[in-house]
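*Asks:* Residue numbers (this note's numbering): 16 to 625. C-beta atoms are modelled at their ideal positions from N, C-alpha and C, and glycine is treated no differently.
#1: Excluding the five sequence neighbours on either side, which residues of its own chain have a C-beta within less than 6 Å of the C-beta of residue 337, listed in chain order?
#2: Keeping to the same chain, check which residues put their C-beta closer than 6 Å to that of residue 179; ignore five residues upstream and five downstream.
#3: Judging by CA-CA distance, which residue of 266, 25, 624 and 457 is the nearest neighbour of residue 486?
#4: Between which two residues does the alpha helix (DSSP H) carrying residue 301 extend?
#5: Can you tell which of 305, 384, 261 and 348 has the C-alpha that lies nearest to the C-alpha of residue 329?
#6: Measuring alpha carbon to alpha carbon, tell me which of 359, 40 and 508 ends up nearest residue 217.
#7: With 16 other CB atoms within 10 Å as the buried threshold, where does residue 119 fall?
#8: Going by CA-CA distance only, name the one from 518, 205 and 258 that's closest to residue 224.
#9: Let me know the secondary structure DSSP gives residue 442 once reduced to three states.
#10: Helix, strand or coil for residue 596 per DSSP?
#11: Should residue 26 and residue 132 be called a contact, given that it needs their Cβ atoms to be closer than 9 Å?
#12: Am I right that residue 248 and residue 317 are in contact with their C-beta atoms under 8 Å? What's the rounded C-beta distance?
#13: Measure the CB-CB distance between residue 578 and residue 558 and report whether it falls below 9 Å.
#14: Counting pairs of beta carbons, one from the segment 520-534 and one from the segment 493-503, are three or more of them closer than 8 Å?
#15: Terminal residues of the continuous beta strand (DSSP E) containing residue 166?
#16: So is residue 333 buried or exposed if we call it buried at 16+ other beta carbons inside 10 Å?
#17: What's the gap between the Cα of residue 281 and the Cα of residue 390?
#18: Leaving out five residues on either side along the sequence, give the residues of the same chain with a beta carbon under 6 Å from the beta carbon of residue 464.
#19: Would residue 546 be called buried (16 or more neighbouring beta carbons within 10 Å of its own) or exposed?
#20: Around the C-beta of residue 75, are 16 or more other C-beta atoms found within 10 angstroms, so that it is buried, or is it exposed?
#21: Just to check my reading of the structure: residue 126 and residue 169 have Cβ atoms closer than 8 Å, yes? What is that Cβ distance to the nearest angstrom?
#22: Report the rounded CA-to-CA distance for residue 238 versus residue 569, giving the unit in angstroms.
#23: In its own chain, which residues sit with a C-beta less than 6 Å from the C-beta of residue 51, not counting the 5 before and 5 after it?
#24: DSSP has residue 275 in a bridge; who is on the other side?
#25: Around the Cβ of residue 229, are there at least 16 other Cβ atoms within 10 angstroms (buried) or fewer (exposed)?
#26: Nearest-angstrom Cα distance between residue 483 and residue 459?
#27: Is the Cβ-Cβ distance between residue 278 and residue 509 less than 9 Å?
#28: Just the Cα atoms here: how many angstroms apart are residue 471 and residue 227?
#29: If you compare alpha carbons, which of 243, 256 and 589 is closest to residue 270?
#30: What's the gap between the Cα of residue 598 and the Cα of residue 35?
#31: Taking its Cβ as the centre, do 16 or more other Cβ atoms sit within 10 Å of residue 148, making it buried, or is it exposed?
#32: According to DSSP, is residue 624 helix, strand or coil?
#33: Any idea what DSSP makes of residue 20, helix, strand or coil?
#34: Could you tell me whether the segment 292-300 touches the segment 375-390, where touching means 3 or more Cβ pairs closer than 8 Å?
#35: What residue range is occupied by the uninterrupted alpha helix (DSSP H) comprising residue 351?
#36: Among 314, 622, 18 and 146, whose alpha-carbon lies nearest the alpha-carbon of residue 215?
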């Protein structure tokens, strides 16, 4: 046996983290977010203190949002680096379950290290322990199992010797990427063991680039070659693979237009002639029109969620074929698609080589110009100074003050739909949307994570008043750490997006806007004052002109900068979009609901007969 070193299990874990590198020679784990409690302060807390100069520890204010920050960091870094997050046992751990689900859905790496019960069970039940009457092995951390790509419980120090490499394999494997959870028994954290010194030698984790199977590639090529109206659906996997240049070369060589999902937006610059823009429920008319007519759909790096597919009613050509190019086999065969399991970059390159000489027909020249002729009017500043601004006008104001270095981000509510339709992303990485889980509360923490990943970028976060109220505590972290980004709070006094959906399905306005919720005193939250109380520089503006003026000052401000503007909760971009399956009650006393139910049944029948 080789040389050994005696360390506590917690010390061994953090030493291992510091020795794992990416292909660029950078530490794969860029830092650790931590809120300490009795389940991790004595073990992991002491171990992290010992390496604080080489592996920084950041203090969050909420376990869920500090994990959101870590996930946003990994997303903006296109999965080339990640962060770890640790909490105590109990509520600190379960607070992170939502964030784990977000990372799982979006295929993003994060290492989650919650404290756990005593392995010895000596003090059973320990403070905050969940007791299962029928299973003595269950703890609160079992909640992580369905939302982790890899889960392990460290109940002996030597478990790390196998668990840590498996966790890193998961986080760095494009086909299986997602959260890895190591539930760390609190007594084991402090227990010593003689670890092999070789375990801590630096290791480089290379990005595996899966090449297409010859048979799958040949079948995909044959299908594309006979297509007259093909289209490419570009998803987040294009970014994670670093395949934006390969995609541009492919579409230009073969004259195949692309459309972009929320995660895929900015794969090509918005004004590239073959980029027909956003697709699906929050998509534009050019993309949705061409998808409805397409006889071949090449889905690249997308999991084809319902917003992308219009709940599978969008691709309506009865003759169409679908080819799914994806690293994950699970995603390649959805709805009977022709599978092409491959890394996006390599897959596009090999497809291109096999399609030599093939070019699709011309795309109608007026599709994009007609679309922008409609929607650009919506983003212009209002001429009526008395009306509340719309969300579209807010998007326009931010667009006018943005530049090629700007990253806009969002996650839930009204703005994801408006930004997907309206935002003109100038280059890859300029658009950061968490719409896989559409998690309210991701925004502020996510903006901080983006800025930590790319400190030189101009980060602008869109958030509504509803999502701001759900999770704003990391504003204080950003202020304390001097992390600069801009937050635009559109205050429509409630959940405006869901209120419109409620009305759109025949329901009465109920419990979404604050005026329609049970109350004695009308809500009058001063968001600018609240943000200022946490250390942000903040201002409330009364018009689109004032908004632009306030945003023009953002580069002169250190730390988070918050601009609040009241908006109208009812208007949205009426153009574009497609059907989305939302179940409408079969029985109701409301005529409006019955009308919507009848329309829903017709739409279901049409979808199922295509």
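*Replies:* Taking the coordinates as given:
#1: 312 and 352
#2: The beta carbon of residue 179 sits closer than 6 Å to those of 31, all from its chain and outside the five residues before and after it, given in chain order.
#3: 457
#4: 300-308
#5: 305
#6: 40
#7: Buried, because 16 or more other Cβ atoms sit within 10 Å of the Cβ of residue 119.
#8: 258
#9: Looking at residue 442 - three-state DSSP - the assignment turns out to be coil, as it is neither helix nor strand.
#10: coil
#11: no
#12: 6 Å
#13: no
#14: no
#15: 165-169
#16: exposed
#17: For residue 281 and residue 390, the gap between their C-alpha atoms comes out near 18 Å.
#18: 84, 87 and 88
#19: buried
#20: buried
#21: Actually they are not in contact, since the Cβ atoms of residue 126 and residue 169 sit about 13 Å apart, beyond 8 Å.
#22: 50 Å
#23: Counting only Cβ-Cβ distances below 6 Å, and skipping sequence neighbours, we find 60.
#24: 249 and 293
#25: exposed
#26: 8 Å
#27: Judged by beta-carbon spacing, residue 509 lies beyond the 9 Å limit of residue 278, meaning their Cβ atoms are not closer than that value.
#28: 37 Å
#29: 243
#30: One Cα belongs to residue 598, the other to residue 35, and the distance between them is close to 47 Å.
#31: So residue 148 counts as exposed.
#32: helix
#33: If DSSP states are grouped into helix, strand and coil, residue 20 belongs with the strands.
#34: Two segments are said to touch when three or more pairs of C-beta atoms, one from each, lie closer than 8 Å; by this definition the segment 292-300 touches the segment 375-390.
#35: It is not in any alpha helix (DSSP H) - residue 351 carries neither H nor E in the DSSP assignment.
#36: 18
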